[in-house]
Amino acid sequence: MDEISAPRLVGARVKRLEDPRLITGRGLFVDDVALPHMVHAAFLRSPHAHARIRSIDTRKALEEPGVLAVRVGADLVPRINPIRVGGKLPGQKVIESPPLATDKVCFVGDPVAVVVAEDRYLAEDAADLIAVEYEVLPAVVDYEKAAETDAPVIHPSMGNNLYFQAQLETGDVEQAFREAELVVRETFRQHRYCHVPMETRGIVADWHETSGVLTVWHSTQSPHLLATYLSNILRLPTDRIRVMAQDVGGGFGQKINLYREDVVVALLAVELGQPVKWIEDRRENLCTASQAREETVHVEAAVSKDGSLLGLKAHIINDIGAYGLYPIPSENWASLVMAHLPGPYKLANYRREITCVVTNKGSLGPYRAPFAVESWVRESLMDAIAKGVGLDPLEVRLRNCIREEDLPYSSPGGLRYHEVTPLETLEKVVEAAQYGRMREEQQEARKQGRYVGIGFGMFIEPTAHGSAYYARRGRKMGGYESATVRIEPSGKVKVFVGVSPHGQGHETTFAQIAADELGIPLEDITVHHGDTYADPFGTGTFASRSAVIGGGAVIRATRDMRDRVLRIAAHMLEANAEDLEIRNRVISVRGAPSKNVPYATVAFTAYFDPTALPQDMEAGLEVTRRYEPPPITFSNGAHLAQVDVDVETGQVRVLGYWACEDCGVMINPMVVEGQIQGGVAQGLGGLLLEHMYYNEDGQPLTGSFMNYLLPTALDVPEVRFAHLETPSSSLGGFKGMGEGGVLGAIPALSNAIADALSPFGVKIRQQPLTPDRVLRLIGVIGR
Amino acid sequence: MKPAAFEYVAPRSLRKAIQALAQAGDEGKILAGGQSLVPMMALRLARPKLLVDINRIQKLAYIRKRNGALHIGALTRQREVERSDLVRSACPLLYEAVPFIGHTHIRNRGTIGGTLAHADPAAELPGVAVALDAALVLEGPRGERTLRAEEFYLSHYATPVEAGEILKEVRFPPWPQRSGCSFLEVSRRHGDFALAGVAVRLSLDPDGRLMDPRITLIAVGATPQRIAKAEDLLRGEMAGDRLFDEVASQVSKEIEPESDVHASAEYKRHVAGVLTRRALRLASERARTFV
Amino acid sequence: MIKKRAIALKVNGKRYQGMVEPRRTLVDFLREDLKLTGTHIGCEHGVCGACSILLNGAAVRSCLLFAIQADGMELMSVEGLAQGTQLHPIQEAFWENHGLQCGFCTPGILMTVHAFLNENPAPSDDEIRLALSGNLCRCTGYQGIVKSVRVAANKLATRT
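Residue numbers (our numbering), protein chains in the order written: chain A, 1 to 783; chain B, 784 to 1074; chain C, 1075 to 1234.
In structure tokens, the structure reads:
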């Protein structure tokens, strides 16, 4: 970099530093790990949704060639602390999941036995030979009926299938409804779907008897937390557990909790004294890893005749599946829905109720925007209000939107919005898409018998939750992040972080930050993650936290480091630190470039010539800092979709898609756009294609990619972007992002489809919108 | 998901393949493209004890014209057919249907014989074979026999192929002059199994009347459904939108589709009618380009 | 136990030998026996395309082939794209245009694109999307990939 002033890297579209190994097939994903004497596990899983286990006979399996061990629940339970979730808040019941099912199975895929053999083929052969006698019980599948008194009880210790219930009210809801000139009542149902990272779950556990160290390679989003979880359950101290996750093939929230399979494989590794590998296959991933969504939301909106929202009542009934997922209690997701439901609109009076029930299905876990039903419900409600009072959907949003003069805004969901720009993003997306012209084109299309529609999706996205956020909710969880910066004797920089990317480009974005702060070129910086022995303690990558919190920690550490380096250089040059500048790996006195010292010389001196350092300074160049962000940082966006519906076949084509997001200062706009594009794809997939469908016996009928349909390159439109950058008050001015694509896409597309079909009076209150459902909504079939 | 163990032979002659299959009886399966079989084996839903890999029998792969008829060896890859100028001119309906099969990777391995013999009710080529009265030539321990496509499809995945028999060739009759065709399907995503599909051919006599019309539907029954009543309505008539609407309506009435995870029976019934109407119009336009 | 058989094949121009049970899939043979772990397993039912490689020049699902079927054949996997440290133009294009995020589906996509551009060197965007429709990606939403393929086509066209 020989320029007079080095351009800032934060804000630049920098090619990713992690790409070279990934594009040459040299990534290290957990299935790429091969250790001497490594053996393989396979699970035998329940074919029934709900059954008592009468007996398990493993004798034939044990006799198979190449089999080292066959274990069942009873073998493992005494060796661990129970895996329990819940029981912390008033009214919150406890759900315990045994590592392997013991007396009953509660969903299809519930693990019943594990086989360890020389290879996966042999392990599966042996698993086939395990004979399990089941007494089949009726399955609870309809979550709206799960808590009824005559429903079969899944967990006897719970008494019934109701896991959690709560009610909250802010303001005066009854008054609001008395004043209402219009009341809109709707019920929304969102289906169950799956995260489907392209890399399934996986673990290699290796126990060294003599040192008492358990090394775990894992496809996790949170290496340090995983080590803590394993420690809690396995009764091993955390300093004896090393978790490594170098490359992870997507997570989307599926890989943040501890799974029973992790515990089982670790136990077997300890028992056998050999590395044990388990790589989940795709059927297991669809049926037994965490699943997502599935809820009913009843809403009532009190509206004035000019379209202003006066009051809101909402009740969510959420299906949490058979078990809780350690350690986050499952009502967390429904609570988030209710907190965020009012979204970017002004509202003073809000009553909400949460009901969470267990059923005989896979367990609920957070999936990119786990609370996403809120944006679909609210944005559909906005369109319903628009129709009710005779306004354009844009107009009703403009009227209700939070404006700059309203900030800071305390939402009745208990959130405090500041630094958000919903109105501005709405205006910008409308301009970018040429909304007025789109409406004209829509009229033209209607005359030609084509059904074109336009839909909005607005949202405020909660990101970067700080420790105060967790403390207020009684959860023992750190919201901070850590970064260690080390300048090597050569002058090259290593940054070690506690976040754990799985596609988000942290190796690049954090290097961009470090390069700007240290004044060192990008090619001299490497970012390290995914090794709990090397990286400072951090919570990992999820809930859109890394830019703000991880970025903040990197800023802190690198600023401290820069100060250090300049102090040393000042000492060596007999100058003042404030008079020094860094350019092209050289530190010189401003205005007197001949008075300089190379960065590498400073570094070398710090390690090998410590007596040349300032007197009070320690040797070496390594700084570890932590950053605690505000309790929540909000980003926000407005999406606009244009679709064409074939009313003879029910197929939907997306004609255009626009997204305006404000995620504060963007570190790398290329990465930001990739995240929005990816989120939109998942939103579209969920709305139109994906469905984790259980039949009335609790059998998953979509347990393979033949029937669980992901969007392809032909299904996902190109998102056109308009960005706003309103800096946040966090260090760096960043805001988190990544979930907004989902939050915006589901309602934008749903509203666009309803708009296209408005000549038929269609209301979309159920997902997915299969072609079949579209034709039913129109009335072409099902009359 | 790893397959259960099996014995494996890869004969280089048809005779040896037949011998191996005949010996294995129910426990043996042909491995051709493997694009349908191997996923079932990986899921352990199929556990053949013997796989007879016929991919080394080179002389089973060919595309030729014989007296106007198109003869295709069973081992010919779908991708070859997709790119064949001969197929394009000698059997345009087949040429139009093949790209609907899965994706390029699937068609690079999948064979014509494989998809015909697999008899998936939603598969495209059985529909084309039935629409065009193709002949399917089998060879087994008791020699060769030829079946008409309509007698070949008994039910879901059920054909009269006996243990030891291999489908070795499919023959499409000569393509009539002044004909237009159309193959259309509706699926959830491109390359997925059809929710409903239609293969149509219309031919015009010197007066411009429809002669020898062919309409066959896929994915709306256990086998491809050739709708004779609809063909009757078209025969001898002049092409026209109102006629096509009536025929489409007749098709909807005739079929008895079943619901599945992706679409209800009602949906399939309705869309079959829509596709029929659209295909008839397209085929009719294309036929007229020859007049 | 079923006896293992000897196979010999070429991968990325190099000769390899192995002893395999008939049921050993080609992708497992590549990854476990030949230690070529660049090709990934995403589903084992032939849908996701993460395992795509070239078999005698044609893109195929290596999870749907048994290693024994590849005896005597020539394969190409992602490891064969770069020449030493010199990246293939397709790889360069993906790097420059954010054609990947987590990278798990990427090798299969690169091989698919390699075969596709060999056959169709000047594709339209629609043709590109159609060619990609047999490969699933969960992270990118495909736009970065489509752009990368467009750029790759240009690079290959201008390469002497």
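Every residue gets a Cβ at the ideal spot worked out from N, C-alpha and C, and that includes glycine.
Three-state secondary structure assigned by DSSP to residue i
i, result
"A:Ser635", "strand"
"B:Met994", "strand"
"A:Tyr121", "helix"
"B:Arg1071", "helix"
"C:Glu1201", "helix"
"A:Ile256", "coil"
"A:Ala575", "coil"
"A:Ile279", "strand"
"A:Trp658", "strand"
"A:Gln274", "coil"
"A:Glu18", "coil"
"A:Ser500", "coil"
"B:Met824", "helix"
"A:Leu162", "strand"
Own chain, CB closer than 6 Å to residue i, minus 5 neighbours either side, in chain order
i, result
"A:Glu271", "none"
"A:Ala641", "Gly455, Tyr657, Ala748, Leu749, Ala752"
"C:Ala1205", "Phe1190"
"A:Ile4", "Only weak support exists for where A:Ile4 lies, its pLDDT of 42 falling under 50; the coordinates are left without a value."
"A:Leu188", "In the sequence under discussion, the amino acid at residue 188 of chain A is Phe, which differs from the Leu named in the question. Result list for A:Phe188: Val297, Val377, Arg765, in chain order."
"A:Val742", "Arg368, Ala369, Ala372, Gly679, Gln682, Gly683"
Chain-order list of residues whose beta-carbon lies under 7 Å from that of residue i (same chain, five-residue window excluded)
i, result
"B:Gly1004", "Pro904, Ile1038, Glu1039, Pro1040"
"A:Lys265", "Residue 265 of chain A is actually Val in this sequence, not Lys. Result list for A:Val265: Ala41, Ile203, Ala205, Val276, Trp278, in chain order."
"B:Leu834", "Phe789, Tyr791, Lys812, Leu814"
"C:Asn1086", "Met1150, Ser1151, Glu1153, Gly1154"
Cβ shell of residue i (< 8 Å), same chain only, five flanking positions each side left out
i, result
"A:Glu64", "Ala117, Leu122, Asp125, Ala126, Leu129"
Residue i versus the options, residue with shortest Cα-Cα distance
i, options, result
"A:Ala384", "A:Ile764, A:Arg773, A:Asp103, A:Gly365", "A:Ile764"
"A:Arg59", "A:Met666, A:Phe107, A:Leu68", "A:Leu68"
"A:Phe164", "A:Ile317, A:Thr238, A:Ile256, A:Val115", "A:Ile317"
"A:Thr463", "A:Glu739, A:Ala101, A:Thr149", "A:Glu739"
"B:Leu993", "B:Phe955, B:Arg954, B:Ser962", "B:Ser962"
"B:Ser796", "B:Asn838, B:Leu1063, B:Lys785", "B:Asn838"
"A:Ala445", "A:Val554, A:Pro90, A:Asp644, A:Glu488", "A:Asp644"
"C:Leu1138", "B:Leu820, B:Tyr1050, B:Pro1007, B:Tyr845", "B:Leu820"
"A:Val396", "A:Tyr417, A:Arg416, A:Glu427", "A:Glu427"
"A:Ile95", "A:Gly390, A:Glu517, A:Tyr326, A:Gly474", "A:Tyr326"
"A:Glu174", "A:Val303, A:Arg416, A:Glu578", "A:Val303"
Cβ neighbour criterion (16 or more within 10 Å) applied to residue i
i, result
"C:Lys1088", "exposed"
"A:Gln512", "buried"
"B:Thr929", "exposed"
"A:Asp2", "Below a pLDDT of 50, predicted positions are generally treated as unreliable, and A:Asp2, at 35, falls in that range; no measurement from the model is reported."
"A:Gln221", "buried"
"B:Gly808", "exposed"
"A:Val136", "exposed"
"A:Thr421", "buried"
"A:Asn400", "buried"
"C:Ile1076", "exposed"
"A:Glu295", "buried"
"A:Met617", "exposed"
Distance cut-off 7 Å: residue i Cβ against heavy atoms of the ligand HEM
i, result
"A:Ala464", "As far as ligands go, the structure on display features none, and thus does not contain the ligand HEM."
Per-residue contacts from residue i into chain E (C-beta, under 7 Å)
i, result
"B:His1053", "Absent from the structure: chain E. Protein chains present are A, B and C."
**Report entry** Validate contact between the segment 1030-1046 of chain B and the segment 922-931 of chain B using beta carbons, cut 8 Å, 3 pairs
**Finding:** By the C-beta criterion, the segment 1030-1046 of chain B is judged not to be in contact with the segment 922-931 of chain B, since fewer than 3 inter-stretch pairs fall below 8 Å.
**Report entry** At least three beta-carbon pairs within less than 8 Å, the segment 45-54 of chain A to the segment 102-116 of chain A
**Finding:** The segment 45-54 of chain A makes contact with the segment 102-116 of chain A: 3 or more CB pairs, one atom from each, lie closer than 8 Å.
Query raised in the report: Taking one C-beta from the segment 938-951 of chain B and one from the segment 1015-1026 of chain B each time, how about it: are there three or more such pairs within less than 8 Å?
Result: Contact between the segment 938-951 of chain B and the segment 1015-1026 of chain B is absent, because fewer than three Cβ pairs lie under 8 Å.
**Report entry** Touching by the beta-carbon criterion (3+ pairs, under 8 Å), the segment 155-172 of chain A and the segment 355-368 of chain A
**Finding:** Taking a cut-off of 8 Å on C-beta distances, the segment 155-172 of chain A touches the segment 355-368 of chain A, as three or more cross pairs fall below it.
Requested in this report: Examine the Cβ distances between the segment 962-972 of chain B and the segment 692-705 of chain A and report whether three or more of them are shorter than 8 Å.
Outcome: No, because fewer than three Cβ pairs between the segment 962-972 of chain B and the segment 692-705 of chain A fall closer than 8 Å, the two stretches do not touch.
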